[in-house]
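First the structure, in the form of structure tokens, and then the observations on it.
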Amino acid sequence: MDRRSIIKHAGLAGVLAAGAAPAVHAQGASVRWRLASSFPKPLDTIYGGAEVFAKKVGELTGGKFQISVHAVGELMPALGVVDGVQQGSVEAGHTAGYYFFGKNETFAIGAAISFGMNTRQLNAWWFEGNGKKLTREFYAKYGIVDFACGDTGAQMGGWFRKEVKGVEDFKGLKFRIGGFAGRVIERLGAVPQNIPGGEIYQALEKGTIDAAEWIGPYDDQKLGFNKVAPYYYYPGWWEGTLQLDLLVNQKAYDALSAEYKAVIDAATAYAHIDMQTKYDARNPTALKQLVGAKTKVLPFPKTVLDASFKAAMEIYAELDGKNPDWKKIYDDYKAFQKDQILWSRFAEGRFDSFIQSVKLP
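One point on numbering: in the numbering used here, the residue at position 7 of the sequence shown is 1451, and numbering is uninterrupted.
Put into structure tokens, the structure is as follows:
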């Protein structure tokens, strides 16, 4: 059986199970792409998702398909990735869709929306439900093909210079928060700040902002936020998970052979799971170290969660009435989420609540 047949018949599951499939199209034309990331190199897990993807593409093609990965600022700013890919300045980008909600709020749905789905639920919707179909239709309007390419899991609620006791503490709060969630906290009286990850520490240290969220313990510890803000809140209700995307210029994608398109599928799926498992493996140790360094880890008061949920649902209802792109995708997303919540209450939800209530020997 030749290499093409191996890929065809083994399928994605076989590729991922093997870790590195036999090289395909080894005699085919060489392809060179550039990929612009929205993330800085020191964040080895989220920035590293693009490197994992690019490396796997090279492995699966015997080095014939090479993708150079460029950190934020090397080719374009974090919020320039969609434009760069759309215009063909680069063939691909690795980013979070919700960064571009200013273009259209719909960009946020496949990434993370407040009180949205968790990792497993979003994976189920995107890969097995209508998520991929619907987001692909949306991105096609921008001349882009999107692929799930990384997942952070549920995120923390961020670092605060002062303790949060209720909704009133959000009044006038200058809060660095990613993506669409800024519109929600505005309704609580906060002032959202859209600051790239590499600039958050300095803003917190100088008091330019009062609070900031990024991802979770592993990345947050690397960025040193605990040194300038003592209160670490949870959960990040705006990110029950965050799905990262590989965005590919439509013309560049169409120019690929069928085999190379299959490689993109396999490599993004590999990178997607790789990032998720890295965060799950590394966050516990980082959290323990942060607590050991006197970080005060606290839950958001229920009054804050209730007010935030109410504000988010009001915004979604408003968007349903004025943004047809949003309504088309969110209607499907919401129906899928309701079923997922129903199911998760039973086997897994009950198991999780019990095992978290006991002490393992």
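Even glycine gets a Cβ: it sits at the ideal position worked out from N, Cα and C.
| Asked | Found |
| --- | --- |
| Nearest to Cys1593 by CA position, among Val1513, Gly1546 and Ala1715, is which residue? | Ala1715 |
| Tell me which residues share the same chain as Thr1747 and place their Cβ nearer than 8 Å to its Cβ, disregarding the 5 neighbours each side in the sequence. | Gly1610 and Val1611 |
| How about Ala1655 and Phe1619: do their beta carbons lie closer than 9 Å? | yes |
| How would you call Ala1556, buried or exposed, if buried means at least 16 neighbouring beta carbons within 10 angstroms? | buried |
| Within the stretch 1569-1593, note down every full beta strand (DSSP E) run reaching 3 residues or more, in order along the chain. | none |
| Are at least three pairs of beta-carbons, each pair with one atom in the stretch 1518-1538 and one in the stretch 1474-1486, less than 8 Å apart? | yes |
| Compute the Euclidean distance between the alpha carbons of Gly1616 and Met1719, then round it to the nearest angstrom. | 35 Å |
| Taking all protein chains shown into account, decide if Gln1599 is buried (16 or more other Cβ within 10 angstroms of its Cβ) or exposed. | buried |
| What three-state label does DSSP hand Asn1567 in the structure shown? | helix |
| By DSSP, does Asn1800 sit in helix, in strand, or in coil? | Going by the sequence as given, residue 1800 is Gln instead of Asn. If DSSP states are grouped into helix, strand and coil, Gln1800 belongs with coil. |
| Let me make sure I understand the geometry here. Which of Ala1706, Tyr1777, Tyr1662 and Ala1699 has the alpha-carbon closest to that of Lys1722? | Tyr1662 |
| Let me check one thing: in DSSP terms, what residues is Ile1511 bridge-paired to? | Trp1477 |
| What are the start and end residues of the alpha helix (DSSP H) that includes Phe1753? | Lys1746 to Lys1766 |
| Got a sec? Which residues, its chain only, sit under 6 Å from Phe1544 by beta carbon, not counting five neighbours each side? | Val1526 and Phe1551 |
| What is the DSSP secondary structure of Gln1637, reduced to helix, strand or coil? | strand |
| Determine, using beta-carbon pairs with one atom in the stretch 1677-1693 and one in the stretch 1531-1549, whether at least three such pairs fall under 8 Å. | yes |
| Less than 7 Å between C-beta atoms, sequence neighbours within five positions excluded: which residues of the same chain meet that for Phe1582? | Thr1550, Asp1769 and Ile1773 |
| Out of curiosity, what's the CA-to-CA distance linking Gly1517 and Arg1789? | 43 Å |
| How do the stretch 1734-1746 and the stretch 1665-1681 stand: do at least 3 beta-carbon pairs fall below 8 Å, yes or no? | yes |
| So is Trp1569 buried or exposed if we call it buried at 16+ other beta carbons inside 10 Å? | buried |
| In three-state DSSP terms, what is Ala1465? | Note that Ala1465 scores a pLDDT of 40, beneath 50, so its modelled location is shaky and nothing firm can be said. |
| Excluding the 5 residues preceding and the 5 following Gln1733 in the sequence, name in chain order all residues of the same chain whose CB lies nearer than 6 Å to its CB. | none |
| Taking the alpha-carbon positions, what's the Gly1575 to Thr1563 distance? | 13 Å |
| The ligand NAD heavy atoms versus the CB of Glu1762: any closer than 8 Å? | Ligands in the displayed structure: none, and consequently the ligand NAD is not present. |
| Which residues in the same chain have their Cβ closer than 7 Å to the Cβ of Pro1486, if we skip the five residues on either side of it in sequence? | Lys1666 |
| Which stretch, first to last residue, makes up the alpha helix (DSSP H) that contains Asn1727? | Ala1702 to Gly1736 |
| Runs of 4 residues minimum, wholly inside the stretch 1657-1689: which ones carry the alpha helix (DSSP H) assignment? | 1661-1667 |
| Mind listing, in chain order, the continuous beta strand (DSSP E) runs of no fewer than 3 residues lying wholly within the stretch 1596-1635? | 1602-1604 and 1618-1620 |
| Could you tell me the boundaries of the beta strand (DSSP E) in which Gly1537 lies? | Ala1536 to Thr1539 |
| So Gly1573 and Glu1657 are supposed to be a Cβ contact under 8 Å. How far apart are they, rounded? | With a Cβ gap of about 28 Å, Gly1573 and Glu1657 do not count as contacting. |
| Assuming Ile1629 contacts Ile1621 (C-beta within less than 8 Å), just tell me the rounded distance between them. | 6 Å |
| Applying the 10 Å Cβ sphere with the 16-neighbour rule, what's the burial state of Pro1728? | exposed |
| How long is the line joining the alpha carbons of Tyr1491 and Leu1749, rounded to whole angstroms? | 30 Å |
| In whole angstroms, what is the alpha-carbon distance linking Leu1686 and Val1608? | 24 Å |
| Per DSSP, what are the beta-bridge partners of Ala1655 in this structure? | Phe1604 and Phe1619 |
| Classify Val1516 as helix, strand or coil using the three-state DSSP reduction. | coil |
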